[in-house]
Amino acid sequence: MAAYFAHETAHIAENAKIGKDTKIWINVQIREDVKIGEGCIISKDAYIDHAVQIGDRVKIQNGVSVYHGVTIEDEVFVGPNAAFTNDYYPRAQNPEWEVTPTLICEGASLGANCTVVCGHTVGKYAMVGAGSVVTQDVPPYTLVVGNPARAIGKVCRCGQRIPEDGVCPKCGFVIPE
1 MAAYFAHETA HIAENAKIGK DTKIWINVQI REDVKIGEGC IISKDAYIDH
51 AVQIGDRVKI QNGVSVYHGV TIEDEVFVGP NAAFTNDYYP RAQNPEWEVT
101 PTLICEGASL GANCTVVCGH TVGKYAMVGA GSVVTQDVPP YTLVVGNPAR
151 AIGKVCRCGQ RIPEDGVCPK CGFVIPE
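Using full-length UniProt numbering, you'd call the opening residue of the sequence shown number 1 and step up by one each time.
So this is what it looks like as C-alpha cells:
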C-alpha cells in the first residue's frame, strides 16, 4: 500500500516518486520521472509534466500545470490556475526547442491566475499577486503585482507585508540583509 493518497481518477506514472502523506486529488496527471516530496497537496485537475521536481509540504491548487523544467522547492503555495512556461521562443514545430528552467524557491507564494515566464527565479518567501505576470527574477521576501509584475514591498515568512523598518508586525521576523 502506498504511503500517499491518490484519488482513483489520478493518473500517476509508474516511476514517479511520491512522498509520504502527500495527497493527489481528482483528475491529476503525474508524468514520468517526477519527484514529489512529503506532505504535499496536488489539487483537482493539476498536471505535473515529466521530470518536474517538487519539494516537501507544497500546495498546488486546482487547474495548475507544472511543465518540464520547473523546480518547486519546499513549502511553496501555487494558487489556482497559475501558469508556468518552459519555452522562451514557443512555436508549434521547433526541432531546436530547448527547455528554459524556472525555479520557485522555498516558501514562495504564487497567487491565483499568475503566470511565471520561464527562465526566472521567484526567491525565498516572495509573494506573486493574483493575476501577475512574472517576466524577471523576484528577489527573496519581495511582493510583486501587475503585468509585468513589479515590486511594491516586502513580505514576511508568515505572509504579512513588512513595513519599511524591515520587522514583521505580526511575528517580529526581520528580513535578512
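Don't be surprised by glycine CBs; every beta carbon is placed ideally from N, CA and C.
Since the model is a prediction, treat every value here as computed from it, not as a measurement.
Distance between residue j and residue i (C-alpha atoms, nearest Å)
i	j	result
residue 166	residue 159	13 Å
residue 14	residue 77	26 Å
residue 39	residue 115	25 Å
residue 48	residue 144	25 Å
residue 51	residue 19	15 Å
residue 168	residue 8	43 Å
residue 134	residue 26	29 Å
residue 92	residue 28	25 Å
residue 23	residue 83	21 Å
residue 147	residue 120	15 Å
residue 123	residue 106	7 Å
residue 90	residue 71	20 Å
residue 151	residue 2	43 Å
residue 170	residue 99	41 Å
residue 75	residue 34	17 Å
residue 32	residue 16	6 Å
residue 161	residue 149	17 Å
Boundaries (first-last residue) of the beta strand (DSSP E) holding residue i
i	result
residue 57	Looking at the DSSP string, residue 57 is not in any beta strand (DSSP E), and its letter there is neither H nor E.
residue 142	142-145
residue 39	Per DSSP, residue 39 belongs to no beta strand (DSSP E) and is neither H nor E.
residue 152	150-155
residue 175	From DSSP, residue 175 is part of no beta strand (DSSP E); its letter is neither H nor E.
residue 71	70-72
Closest residue to residue i among the options (Cα-Cα distance)
i	options	result
residue 127	3, 65 and 112	112
residue 137	56, 81, 117 and 91	117
residue 103	130, 93, 90 and 55	55
residue 44	125, 11 and 132	11
residue 73	58, 66 and 148	58
residue 41	35, 32, 34 and 21	21
residue 139	172, 66 and 177	177
residue 131	157, 80 and 142	80
residue 67	154, 37, 16 and 101	101
residue 108	17, 97 and 154	154
residue 157	173, 88, 30 and 95	173
residue 125	53, 4, 97 and 175	175
Integer-rounded CB distance, given that residue j should sit under 8 Å from residue i
i	j	result
residue 86	residue 63	Going by Cβ atoms, the distance from residue 86 to residue 63 rounds to 17 Å, so no, they are not a contact pair.
residue 46	residue 36	About 11 Å separates the two Cβ atoms, so there is no contact after all.
Contact test: residue i Cβ vs the ligand NAD heavy atom, cutoff 8 Å
i	result
residue 75	For the ligand NAD, the structure offers nothing, since it holds no ligand at all.
Exercise. At what residue ranges does the segment 101-147 contain a whole run of the beta strand (DSSP E), taking only runs of 3 or more?
Worked result: 102-104 and 142-145
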